[in-house]
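Respectively, the protein sequence lines represent chains A and B. Residue numbers for the first sequence, in the working numbering: 1 to 267. Residue numbers for the second sequence, in the working numbering: 268 to 487. One structure below.
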Amino acid sequence: MCNGSRPPGAAEGEMRSHGTRQTHAYLERVLDGEAAGEGALGGLIAAARAPETRANPPGLTAALAAFREVSAARPAPAPRSTSMIKNVAAKVLAAKLLTVAGIALAAATGGIAAAASTGHLPSPLPHSDHASSIAVAAVASSHDQPTSTASASASATGSSEPSGAHPSASPSPSLRGLCQAWLSRPHEHGKADTSPAFSYLVSTAGGVDAVEAYCTDLLASPAPSSSEDGSGPPSAIPSHSHPAPSHTHPTSKPGPFSTPSGPPTKS
Amino acid sequence: MPNRTDRKVFAPTGTAVPVQAGTLNQDGNQWIAAAKAGDEAAFTRLYRDVQPRLLRYATGLAGADAEEITAEAWLQIVRDLADFTGDLDAFRGWAARIVRNRAIDSARARARRPVEVRDLSLALDRPATQDTANLVLNNLATTWAIGLIAQLPADQAEAVLLRAVVGLDAKAAGAVLGKRAGAVRVAAHRGLKTLARMLAETEAPGPATRPASRRLTDDV
Chain A
1 MCNGSRPPGA
11 AEGEMRSHGT
21 RQTHAYLERV
31 LDGEAAGEGA
41 LGGLIAAARA
51 PETRANPPGL
61 TAALAAFREV
71 SAARPAPAPR
81 STSMIKNVAA
91 KVLAAKLLTV
101 AGIALAAATG
111 GIAAAASTGH
121 LPSPLPHSDH
131 ASSIAVAAVA
141 SSHDQPTSTA
151 SASASATGSS
161 EPSGAHPSAS
171 PSPSLRGLCQ
181 AWLSRPHEHG
191 KADTSPAFSY
201 LVSTAGGVDA
211 VEAYCTDLLA
221 SPAPSSSEDG
231 SGPPSAIPSH
241 SHPAPSHTHP
251 TSKPGPFSTP
261 SGPPTKS
Chain B
268 MPNRTDRKVF
278 APTGTAVPVQ
288 AGTLNQDGNQ
298 WIAAAKAGDE
308 AAFTRLYRDV
318 QPRLLRYATG
328 LAGADAEEIT
338 AEAWLQIVRD
348 LADFTGDLDA
358 FRGWAARIVR
368 NRAIDSARAR
378 ARRPVEVRDL
388 SLALDRPATQ
398 DTANLVLNNL
408 ATTWAIGLIA
418 QLPADQAEAV
428 LLRAVVGLDA
438 KAAGAVLGKR
448 AGAVRVAAHR
458 GLKTLARMLA
468 ETEAPGPATR
478 PASRRLTDDV
């Protein structure tokens with residue numbers, strides 16, 4: 001049993017014998033997870049707070065890919081406090097450059113090799129197209145943050161002119177990162193595919209079967225070397241895969257909760 | 268009363284260890300600082316701490332859509348992280364607010380009609396079943412608990428989840444909900460009392476009919 005300072009059932013017995021007379025203090029302890037060993041209610045809340053048993057909670061891959069992409073697109077923050085942060089940022093940036101270059105290279109060669117050897121893509125994705133528009137909207141709509149440098153418009157993912165029109169940002173908020181995540185773990189596609197973030201990639205590529213080719217081309221194209229000038233949109237989108245039909249309708253405006261510091265609405 | 272409460276339906280009592288630890292907050296503050304600087308390892312740690320909380324909260328709000336909602340929320344979190352200031356507790360509250368907004372947007376998009384703030388309980392068609400929770404959460408005990416909490420009225424469920432699962436105090440939970448701390452406290456306590464009644468009713472039919480009293484999981 002856990003850290004029950006009182007014998008199990010004691011609090012519950014008291015609670016039961018008095019109907020609903022749980023004391024304020026007891027309920028607060030339950031909410032704070034400090035009553036795990038005390039009766040039914042404590043057990044329930046403790047179960048609700050139980051540690052995550054999965055080493056990687058769902059969505060980590062996609063979130064990390066997005067994080068990587070945003071970090072790469074953003075100039076290193078000015079370290080205003082310690083030099084340690086500066087060092088960390090420098091190391092991370094260097095590591096990131098190496099990683100991006102390495103993955104791009106590996107993806108290019110590996111993708112070609114895989115395509116040559118197998119002739120088709122592994123493990124198709126059963127579904128998950130429906131989430132794409134919401135995911136795109138979530139990425140594209142930039143409420144709350146007017147100056148977000150990384151919020152490239154979703155339309156940039158679509159009709160990309162092969163040669164010109166230097167876009168001010170990388171192809172999309174997270175396509176590059178998503179591609180890296182997708183290609184770097186082909187053995188996990190079955191799992192990774194279920195993430196809604198990947199559905200954005202799938203719809204952009206024009207279908208699950210086109211993702212690998214799309215990503216290979218995207219990553220083979222000159223990477224926005226570390227940051228600023230996104231040196232070019234994905235130049236060669238495979239002709240057989242059309243980018244997703246402009247699902248750019250923003251479904252959401254800043255919700256009524258976006259400024260929670262306001263006065264509480266009285267009902 | 269007879270002492271039949273020692274063996275309970277929810278034997279996972281013994282498995283429960285509080286998600287948060289005292290020293291975690293200091294670490295968390297460092298994670299945030301490093302993640303803002305682009306440190307992927309720090310971001311991963313942050314994610315591992317916060318995402319299970321968000322996922323459970325979202326499951327209580329939106330059932331099977333929880334994973335999708337949290338995925339969208341993290342895209343926004345990642346995008347706006349550089350502008351975030353605060354400690355780990357504040358981060359959890361910020362993230363929970365984003366999840367909540369996403370859940371509302373999702374419900375709104377599905378309903379294709381404007382949704383008033385006060386209609387949240389109507390807008391969020393929380394499936395509130397063990398099955399839907401089971402789609403998202405892998406821990407049986409946790410699934411059971413969240414599924415039960417989700418059956419509460421929405422305001423009570425949210426208050427309990429934000430306090431007990433996300434780990435916010437009453438004031439921070441109130442900031443997420445747009446309520447005062449006192450209102451959150453009342454709602455959370457009401458929710459707990461309702462849960463206690465539900466648990467008592469679950470046990471009422473008789474001790475012999477409940478073989479489920481064995482431990483559901485045996486993790487740490």
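For every residue, glycine included, the Cβ atom is placed at its ideal position computed from N, Cα and C. All values derive from a computational prediction rather than experimental measurement.
Express the C-alpha separation of residue j and residue i in angstroms, rounding to a whole number.
i        : j        : result
Ala467/B : Ala304/B : 50 angstroms
Ala62/A  : Trp341/B : 9 angstroms
Ala46/A  : Ala36/A  : 5 angstroms
Glu52/A  : Ala463/B : 24 angstroms
Leu218/A : Ala66/A  : 16 angstroms
Val220/A : Val366/B : The sequence shown places Ala at residue 220/A, not Val. C-alpha separation (whole angstroms): 35 angstroms.
Thr461/B : Leu41/A  : 10 angstroms
Leu355/B : Ala424/B : 23 angstroms
Thr469/B : Leu415/B : 11 angstroms
Thr311/B : Leu60/A  : 7 angstroms
Glu309/B : Ala325/B : Note that residue 309/B corresponds to Ala in the displayed sequence, not to Glu. When rounded, the distance between both Cα atoms is 23 angstroms.
Val433/B : Leu31/A  : 10 angstroms
Ala302/B : Ala72/A  : 13 angstroms
Glu339/B : Leu429/B : 19 angstroms
Val70/A  : Glu307/B : 11 angstroms
Arg457/B : Arg68/A  : 43 angstroms
Gly327/B : Leu419/B : 9 angstroms
Asn296/B : Arg320/B : 17 angstroms
Ala333/B : Arg369/B : 10 angstroms
Leu459/B : Arg452/B : 11 angstroms
Ile413/B : Ala50/A  : 11 angstroms
Leu348/B : Asp372/B : 21 angstroms
Trp411/B : Ala213/A : 42 angstroms
Ala437/B : Ala426/B : 8 angstroms
Asp294/B : Ala300/B : 10 angstroms
Ile344/B : Ile336/B : 12 angstroms
Trp454/B : Arg346/B : Here the sequence assigns Ala to residue 454/B, which means Trp is not the residue at that position. Between Ala454/B and Arg346/B, the C-alpha separation is close to 33 angstroms.
Gly39/A  : Thr409/B : 17 angstroms
Ala450/B : Phe351/B : 27 angstroms
Gly207/A : Glu34/A  : 49 angstroms
Val211/A : Leu64/A  : 19 angstroms
Met465/B : Arg323/B : 20 angstroms
Asp422/B : Gly353/B : 26 angstroms
Ala376/B : Arg29/A  : 38 angstroms
His216/A : Asp209/A : Going by the sequence as given, residue 216/A is Thr instead of His. Near 13 angstroms, if we compare the C-alpha coordinates of Asp209/A and Thr216/A.
Ala357/B : Arg447/B : 17 angstroms
Leu44/A  : Arg74/A  : 44 angstroms
Leu407/B : Ala205/A : 37 angstroms
Leu27/A  : Gly330/B : 26 angstroms
Trp298/B : Leu435/B : 18 angstroms
Ala417/B : Ala431/B : 13 angstroms
Check for me: the alpha helix (DSSP H) holding residue i runs from which residue to which?
i        : result
Phe310/B : 307 to 329
Gly353/B : Looking at the DSSP string, Gly353/B is not in any alpha helix (DSSP H), and its letter there is neither H nor E.
Gln343/B : 333 to 347
Gln423/B : 421 to 427
Val70/A  : 60 to 73
Lys438/B : 437 to 444
Glu212/A : 211 to 220
Ala46/A  : 39 to 48
Glu28/A  : 24 to 31
Thr53/A  : That residue, Thr53/A, is in no alpha helix (DSSP H); it is neither H nor E in DSSP.
Gly414/B : 407 to 416
Checklist entry - Are the stretch 44 to 58 of chain A and the stretch 310 to 322 of chain B in contact at 8 angstroms, needing three or more beta carbon pairs? => result yes
Checklist entry - Using 8 angstroms as the Cβ pair cut-off and three pairs as the minimum, do the stretch 434 to 447 of chain B and the stretch 360 to 370 of chain B touch? => result yes
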